[in-house]
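Below: one structure, written as structure tokens.
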Amino acid sequence: MASVTKYETWVVRVPYEEGRFGTHLVLRLTDSDGRQGVGYVSNLTPWAVKAQHAAVEAFAERALGRDPMAVEAINADLLRTGTRPQFGGLARSAVSVLDIALWDLKAKAAGQPLYRLLGAREDAVTAYASWNLWWQYDLQTLVRHAEEHVGRGFRQMKYRMGGVRTLEEAVERTRALREAVGPDVDLLVDINWSWTVDKVIRIGRALEPYGLYWIEDPIPADDYEGLAQISRALQTRICAGETYHEPQQFRSLLDRRGAGCVMIDLEVGGVTQWLKAAHLVEAYGLPVASHTCTEVSAHLVAAAANGLTVEYLPWAQPIFTQVPPVRDGKLALSEEPGLGLELDEAALQRFELR
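Numbering (the working numbering), first residue to last: 78 to 431.
Below is the structure:
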């Protein structure tokens, strides 16, 4: 029986587009048989990085000497003893990083890609381009970037409109994108919790002729009644859930029929808790989508019976030696055991925050 013998951590700040940077917290575990497992999370709040880094190391310390095959037991132990309410999302996020690395180790010990170990039927999964279509861009830039995404092989893409103030501007931007990409590309819009119920319904109805795939996070995530009201009023489905960490949050949304698709973030508690959330959503007859951490999330969406699409963000790609390619709108998954990810040591050193 192998056991975890070593852990290493990095916080890296990686440039990805036009002066923007992504911050990633990375963990690598080594077991007594020499196998290595990788976990990471992205989009960390800059001021919280140090605290989150310390939490990951504290939880990794508690995994030393334990069998990676017992990943669910380790996850349950750490969530029960280390994520009391006063610790909030930071501690759960730290457990998530550790859980991902343990699952990577477990799949490598089994000699299978993680998605196959979890029961996936196919080695590719639908993915949507989720960068470079920001609300701050002018129409010409927005259209150019959308056309570039089509050229990269995407058949779905998401644009942001949280900062859009008027119905006229929302319609203009959506019409321009639809004309640029044509009728066969799915358009997803993310409001980033920025509008009111009335504004979402008013603008949402005006956008219905453009056949949006979903409207994401239109209002604050804990306004379950508001989300239900919007869902009843619009033909376009609502997608919500990326900030939920507890089962009760998902149930509050699902019981009220506040969304037609539920987005799950890996910081819910890693692979273990992501799958449990997906199964809960499946019981309500709804699909799930992933949030960030593309290279890991793809395995889970592929394995979930109700998996719909993967959020594709290239922000962490420079820290890996190879990443899954996109072909005809699908992310091709590796046949390598585990996550199929190897850390680029030189890149880690180059981007590490010290």
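The beta carbon of each residue, even a glycine, is placed where N, CA and C say it ideally should be. On a predicted model such as this, the values are computed, not experimentally measured, just so you know.
Residue i to residue j span [Cα, whole Å]
i: glutamine 163; j: aspartate 261; result: Here the model assigns glutamine 163 a pLDDT of 40, short of 50, so the residue's position is not dependable and the matter cannot be decided.
i: leucine 331; j: asparagine 209; result: 31 Å
i: alanine 206; j: valine 400; result: 15 Å
i: proline 92; j: glutamate 429; result: 12 Å
i: glutamate 249; j: alanine 310; result: 22 Å
i: threonine 28; j: isoleucine 268; result: Because residue 28 is not part of the residues shown, which for the chain are 78 to 431, the question remains open.
i: leucine 156; j: aspartate 215; result: 44 Å
i: alanine 336; j: leucine 106; result: 37 Å
i: tyrosine 192; j: aspartate 421; result: 23 Å
i: alanine 128; j: valine 258; result: 43 Å
i: alanine 131; j: histidine 376; result: 27 Å
i: glutamate 413; j: isoleucine 280; result: 46 Å
i: threonine 273; j: glutamate 246; result: 17 Å
i: glutamine 306; j: isoleucine 278; result: 9 Å
i: lysine 353; j: lysine 276; result: 34 Å
i: tyrosine 84; j: arginine 328; result: 35 Å
i: isoleucine 296; j: tryptophan 351; result: 23 Å
i: serine 271; j: valine 227; result: 28 Å
i: arginine 169; j: glutamate 256; result: 42 Å
i: glutamate 94; j: threonine 218; result: 13 Å
i: glycine 96; j: isoleucine 396; result: 18 Å
i: arginine 242; j: aspartate 294; result: 16 Å
i: glutamine 394; j: glutamine 189; result: 22 Å
Expected contact under 8 Å - CB spacing of residue i and residue j to nearest Å
i: cysteine 316; j: cysteine 338; result: 4 Å
i: aspartate 144; j: alanine 79; result: 7 Å
i: arginine 232; j: tyrosine 287; result: At roughly 16 Å, the Cβ-Cβ gap does not stay under 8 Å, so arginine 232 and tyrosine 287 are not in contact.
i: valine 345; j: serine 119; result: In fact, because the Cβ distance is near 14 Å, the residues do not count as touching under 8 Å.
i: tryptophan 212; j: methionine 234; result: Actually they do not touch by this definition, with Cβ atoms about 14 Å apart.
Cβ-Cβ distance between residue i and residue j below 8 Å
i: valine 373; j: leucine 416; result: yes
i: alanine 380; j: leucine 195; result: yes
i: leucine 254; j: alanine 283; result: no
i: tyrosine 361; j: arginine 333; result: no
i: valine 103; j: valine 89; result: yes
i: valine 441; j: leucine 410; result: A question about residue 441 goes unanswered here, because the residues of the chain that appear run from 78 up to 431.
i: leucine 497; j: valine 365; result: Given a span of 78 to 431 for the chain in the structure shown, any question on residue 497 remains unanswerable.
i: leucine 289; j: valine 266; result: yes
i: valine 148; j: aspartate 108; result: no
i: histidine 368; j: methionine 340; result: yes
i: glycine 230; j: arginine 404; result: yes
i: alanine 204; j: leucine 408; result: yes
i: alanine 171; j: valine 133; result: yes
i: isoleucine 151; j: alanine 140; result: yes
i: threonine 320; j: glutamate 285; result: no
Of the listed residues the options, nearest to residue i (C-alpha basis)
i: glycine 318; options: Ile292, Thr218, Thr122, Ala150; result: Ile292
i: tryptophan 392; options: Tyr117, Thr107, Thr82, Glu85; result: Tyr117
i: glycine 166; options: Glu388, Leu343, Ala147; result: Leu343
i: asparagine 383; options: Arg139, Val358, Gln394, Lys407; result: Val358
i: arginine 112; options: Glu134, Met146, Pro123; result: Met146
i: aspartate 299; options: Arg314, Thr313, Gln325; result: Gln325
i: glycine 406; options: Ala184, Gly142, Val220, Asp263; result: Asp263
i: aspartate 181; options: Pro395, Thr349, Pro402; result: Thr349
i: glycine 142; options: Gly240, Ala197, Glu285, Leu179; result: Leu179
Residue i beta carbon near the ligand MG (any heavy atom closer than 7 Å)
i: threonine 82; result: Absence of the ligand MG from the depicted structure is noted, as is the absence of any ligand whatsoever, leaving it without description.
> What are the start and end residues of each continuous alpha helix (DSSP H) run of 4 or more residues lying completely inside the segment 242-306, in chain order?
Replying inline: Given a length threshold of 4 residues, each whole run of the alpha helix (DSSP H) inside the segment 242-306 is given here in chain order: 244-258, 274-284.
- At what residue ranges does the segment 90-174 contain a whole run of the alpha helix (DSSP H), taking only runs of 4 or more? 126-140, 148-159
* Inside the segment 351-403 only - beta strand (DSSP E) runs reaching at least 3 residues -> 365-368, 384-389
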